[in-house]
Amino acid sequence: MAPRPALSTPLRGWRCPQCAHRPFSSSPQVLAVGPEHPRYIDVPEPPQQTVPDRKFVKGRLPVPRDVFSGARGQDKASEEWLHDHTQAPKERSVEKGSREEWKHKMSDMRRRNLREGLASLRARKDREQRLRSERSTENQRKREALLNRPEREDERLTTPSTGLDPDLLRQHTPSAAELAPIRAAKQANLQAHTSAKRAERLDHLHTLYLNAKTFIVTPQQLDQAVDEAFGTVEDPVVFDGDQQYDPTGFYSTGMRNAQSQSVWAQGKPERVQDMLNRANGQGGKTAMESAGGLAGINKDRVRRIGEVLTGGKMEKEDASR
1 MAPRPALSTP LRGWRCPQCA HRPFSSSPQV LAVGPEHPRY IDVPEPPQQT
51 VPDRKFVKGR LPVPRDVFSG ARGQDKASEE WLHDHTQAPK ERSVEKGSRE
101 EWKHKMSDMR RRNLREGLAS LRARKDREQR LRSERSTENQ RKREALLNRP
151 EREDERLTTP STGLDPDLLR QHTPSAAELA PIRAAKQANL QAHTSAKRAE
201 RLDHLHTLYL NAKTFIVTPQ QLDQAVDEAF GTVEDPVVFD GDQQYDPTGF
251 YSTGMRNAQS QSVWAQGKPE RVQDMLNRAN GQGGKTAMES AGGLAGINKD
301 RVRRIGEVLT GGKMEKEDAS R
């Protein structure tokens, strides 16, 4: 007897492929599906995805059609219409228990059902219309009562302002006689605002006209303004003072009464407090400063008075004349 061939697979018990590897983790294992599969990306789903629809209740009446339409202006539940469509047949002698007798009974039943059905449908329709009308009337009455009810005491005591109009708080629509003075006041305010805005624009236009002569509009005027402000290379602008600015950052105290190239040689600039003191009429540090400040204030006052009297703008140079 020839020996049996060896088995290609070892002799061991069968195990489930899904249970062969059980990792100690709570994350789900990736399924071996392709990118086109809807389960390729694991999206968590809630326990209840959609709420089920209400079940159909047996015996529920569908929406009935209008059986009273198509009567050409007549009421199908009236006696005239029923008399014309449910007339009794002529008396005929039929054999008892025959087919003709059965047909006569069925005809009588159809006529009776038609009369009773139309009468019951008319009664139900009238009842539904009456209930719908009563419900609508009641809703309108409640709405009007809510709109016209007085303000509650707690709301009146807790309003942000106590000077509010009670009629407006009750959402009262004012009449034409009440709106007339309000509209007149609004129109007067609008006219006053328009006039003030027009006067302001005219004042700005006049100021622009006065300042237009100092505008730089040509290259020659620009060069002249630059030369007047900074001077030229041969004749730069200098400031007279008792100190000369040193390029190293220090003042040379040894050179007195010399021309300096720094504006700081004329002293410290004017402070905001000095401007406030001059505007309030307070004196400066010296008698000359106090006199100069009062003179400047008087010039400004005279210029403003002249502008009010003439109705136009005046230049500061003209006011000093």
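Every letter in the sequence shown is one number past the one before it in UniProt numbering, and letter 291, counting from 1, is 291. A virtual CB, placed ideally from N, CA and C, is assigned to each residue, including glycine.
1. Helix, strand or coil: which one does DSSP assign to phenylalanine 230?
2. Does the distance from the C-beta atom of glycine 296 to that of arginine 271 stay below 8 Å?
3. Count Cβ pairs between the region 142-151 and the region 115-128 that sit closer than 8 Å; are there 3 or more?
4. Can you name the residues that DSSP bridges to proline 236?
5. Does the region 57-68 touch the region 103-114, meaning 3 or more C-beta pairs lie closer than 8 Å?
6. Measuring only the C-alpha atoms, how far is glutamate 45 from arginine 39?
7. Please report how far the alpha carbon of tyrosine 209 lies from the alpha carbon of aspartate 300, in whole angstroms.
8. Give me the Cα-Cα distance between leucine 205 and arginine 198, rounded to the nearest whole angstrom.
9. Helix, strand or coil for glycine 281 per DSSP?
10. Once you ignore the five residues that flank glutamate 101 on each side, which residues in its own chain have a CB closer than 8 Å to its CB?
11. Which whole-angstrom value is the C-beta distance of threonine 86 and leucine 131, which I expect to be below 8 Å?
12. Where do the N-terminal and C-terminal ends of the alpha helix (DSSP H) with asparagine 189 fall, by residue?
13. Determine the extent of the alpha helix (DSSP H) in which leucine 61 is found, giving its start and end residues.
14. Apart from the five residues on each side of it in sequence, which residues of its chain come closer than 7 Å, Cβ to Cβ, to serine 78?
15. For the alpha helix (DSSP H) that alanine 32 lies in, which residues bound it at each end?
16. According to the Cβ coordinates, are lysine 76 and valine 67 closer than 8 Å?
17. When the Cα atoms are used, what is the spatial distance from threonine 173 to serine 133?
18. When DSSP labels each residue in this structure, what does glutamate 80 get in the three-state scheme?
19. Secondary structure at asparagine 148, three-state DSSP: helix, strand or coil?
20. With a threshold of 6 Å on Cβ separation, who are the neighbours of glutamate 80 within its own chain once the five nearest residues in sequence on each side are excluded?
21. Could you check whether alanine 229 and isoleucine 216 sit closer than 8 Å to each other, using their CB atoms as the reference points?
22. DSSP three-state label for arginine 127, please.
23. What first and last residue would you give for the alpha helix (DSSP H) that runs through arginine 156?
24. Is the separation between the beta-carbon of threonine 207 and that of lysine 313 shorter than 8 Å?
25. Under 8 Å, do leucine 118 and leucine 147 count as touching if we go by C-beta distance?
So, from the data block:
1. The DSSP-derived three-state label of phenylalanine 230 is helix.
2. Cβ distance not < 8 Å, so glycine 296 and arginine 271 don't count as in contact.
3. Result no; under three Cβ-Cβ pairs closer than 8 Å.
4. Proline 236 has Gly231 as its beta-bridge partners, per DSSP.
5. The region 103-114 makes no contact with the region 57-68, as fewer than three CB pairs between them are under 8 Å.
6. Taking the straight line from one Cα to the other gives about 12 Å.
7. Computed Cα separation, rounded: 20 Å.
8. Distance between the alpha carbons of leucine 205 and arginine 198: 10 Å.
9. Of the three classes helix, strand and coil, the one that applies to glycine 281 here is coil, per DSSP.
10. The beta carbon of glutamate 101 sits closer than 8 Å to those of Val94 and Glu95, all from its chain and outside the five residues before and after it, given in chain order.
11. In fact, because the Cβ distance is near 30 Å, the residues do not count as touching under 8 Å.
12. 176-211 is the extent of the alpha helix (DSSP H) around asparagine 189.
13. Per DSSP, leucine 61 lies in no alpha helix (DSSP H) segment and is marked neither H nor E.
14. Here the set comprises nothing.
15. Where alanine 32 is concerned, there is no enclosing alpha helix (DSSP H), given that its DSSP letter is neither H nor E.
16. Cβ atoms of lysine 76 and valine 67: closer than 8 Å.
17. Cα to Cα, the separation comes out at about 28 Å.
18. Glutamate 80 falls in the helix class under three-state DSSP.
19. Note: asparagine 148 maps to coil in three-state DSSP.
20. Around glutamate 80: no qualifying Cβ.
21. Going by C-beta atoms, isoleucine 216 is not nearer than 8 Å to alanine 229.
22. The answer is helix: DSSP assigns arginine 127 an H, G or I state.
23. 153-157 is the extent of the alpha helix (DSSP H) around arginine 156.
24. Going by beta carbons, threonine 207 and lysine 313 fall inside the 8 Å limit.
25. Result no, Cβ atoms of leucine 118 and leucine 147 do not sit closer than 8 Å.
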